[in-house]
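Have a look at the structure below, then the notes.
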Amino acid sequence: MRLGRDARCGDGGALGAPRTADGHLAAPTILASAIAARTSRLAILLAAVPIPFWDPVRLAEEICTLDIVSRGRVSYAFGIGHRAEEYEHFGVAMSARGKLADDRLALLLRLLAGETVEHDGRKIAVTPGCATPSGPYLLIAGGSRAAARRAARHGLGFISQTAAPGLQEYYEAQCRAAGTEPGVVQFPAPNTPTAVFVADDLDRAWEELGPFLLHDARTAASYRHGDDTVASISHAESVAALRQDGGPYQILTTDQAAEYARSGRPLPLLPLCGGLPPEVAWPYLERAAAASQPA
């Protein structure tokens, strides 16, 4: 019920799931189905789905079912993962992740298109197919030229977690070379937060939320040893440093949040960040929803 209440508050916007071990829900399509069942307008993006760890046939079945349940409101950004521990857990060779991702993605796209595919000596089709005529919107998530090439080769949009110079132009050039049309692209804007809370009293909010945000920051940074290129990573070692950093984790006043919304800038919400209890997160989420309403 708490999940449904949080989701309904963001109906018409976009909400993220917790990213740490505290309260982490490890079945994204089931979580998305629960959110879809409790909302009617909320756009849901699963990002990123590490495709080397998924059976493409099973994933196609879940995507088609979720497209029907959500009435086409769920989109997907596919990545290849970056943690050696995950590859070891799934028994997948990390050195082969690029080819494995391409092979599984190619099969997945054909199944989502409604084709009957011969695979491993079997004929496979997914029925019923997607409710959306063209299928759900799909993108590639990554921060490398290899990810840009993968998106271009398969005719998909591209979400990058880094603002690497020339990467967008490279993606567009690869699309032209592959004969595909560039899709939606998203690159992190300078000085733009990736996790926002909205408060009336900033000092009190940092006192209440700070330990959870710092826990999330430390955990995320531990997954990216020595990597300073990812927009959502902070290397702050204290709540005070995290606040002073003015980086990915920010707490805004209602007026500041409203100005963000009016100017067309994203207001990325992570209401359960770092295992934040729902009863604590709820008032911040309500203020964010109110600030996002048209004047």
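Each residue of the sequence shown is one higher than the last, beginning at 1 in the UniProt record's numbering.
Even for Gly, the Cβ is constructed at its ideal location relative to N, Cα and C.
Since the model is a prediction, treat every value here as computed from it, not as a measurement.
Counting only runs of 3+ residues, the beta strand (DSSP E) found wholly inside the stretch 217 to 274 occupies 249 to 253, in chain order. When the beta-carbon positions are compared, leucine 209 and leucine 267 stay at least 9 Å from each other. Per DSSP, reduced to three states, the secondary structure at leucine 100 is helical. For tyrosine 76, the three-state secondary structure derived from DSSP is strand.
Leucine 139 sits away from valine 198, with the two beta carbons spaced by 9 Å or more. Taking 9 Å as the cut-off, the beta carbon of valine 49 is found closer than this to the beta carbon of phenylalanine 78. In the three-state reduction of the DSSP assignment, glutamate 181 falls in the coil class. The three-state reading of DSSP puts glycine 91 in coil, since its state is none of H, G, I, E or B. Here the alpha carbon of alanine 164 sits roughly 18 Å from the alpha carbon of proline 182.
In the three-state reduction of the DSSP assignment, histidine 119 falls in the strand class, which pools E and B. Annotation: the continuous beta strand (DSSP E) that includes valine 196 extends over 195 to 199. Burial is judged here by how many other beta carbons sit within 10 angstroms of a residue's own beta carbon; leucine 25 has fewer than 16 and is exposed.
Glycine 179 is classed as exposed because its beta carbon has fewer than 16 other beta carbons within 10 Å across all chains shown. In the DSSP annotation of this structure, alanine 189 is not part of any alpha helix (DSSP H), being labelled neither H nor E.
Three or more beta-carbon pairs separated by less than 8 Å are not found between the stretch 38 to 48 and the stretch 97 to 104, which leaves the two stretches without contact. Annotated as distal: alanine 240 and alanine 288, with beta-carbon spacing of 9 Å or more.
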